[in-house]
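For the sequence shown, the numbering used here begins at 5 and goes up steadily by one.
Just so it is clear, CB atoms sit at the ideal spot from N, CA and C, and this is done for glycine as well.
Keep in mind the model is a prediction, meaning the values are calculated, not measured.
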Amino acid sequence: MKHSNKNEELWVLYDGLCPICLRQMAQFKRVCKDPAIHWFDITGQEDWLHQHNIQPIDAMLELHLINQDRQVIKGLDAFIRLWSHTTLFKPLAWLLQLPIIYPAVQRYYHGATRRRLRKQGRLPKQHCDK
């Protein structure tokens with residue numbers, strides 16, 4: 005995982021219909037005052053997502069960032085990259101990159117996201133058994 009560049013611009017894509025996601029984004033906005041971080045609600049933005057080669061369901065299943073080079077960073081790597089832009093979460097970003105921790109947290113993150121969407125009735129049937 006490439007460490008963040010202090011001058012790196014990032015667009016943070018989030019699910020505006022998800023109360024948990026909205027709380028997380030509000031928390032990030034409070035601690036991440038970096039003007040290079042831009043926040044983008046993906047609700048109703050299917051065409052925009054497709055233009056950036058992102059499937060809408062994938063954007064709901066895990067956090068996505070887009071950097072100034074149009075590179076898509078997703079999942080736990082996206083959290084690590086975003087957290088590395090904050091003083092408060094930078095130590096956690098470092099910790100999550102450790103080989104013994106990263107796989108376990110990644111499995112938990114994917115499972116928790118699927119459970120949340122299933123509970124909200126927003127997980128398409130083909131993703132229910134994954």
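- DSSP places I24 in the helix class (H, G or I) of the three-state scheme.
- For P103 and N11, the gap between their C-alpha atoms comes out near 27 Å.
- Less than 8 Å separates the beta-carbon of M64 from that of R126.
- Y113 and L96 have their C-alpha atoms roughly 15 Å apart.
- Inter-segment contact for the stretch 77–92 and the stretch 53–68 is present: three or more beta-carbon pairs are separated by less than 8 Å.
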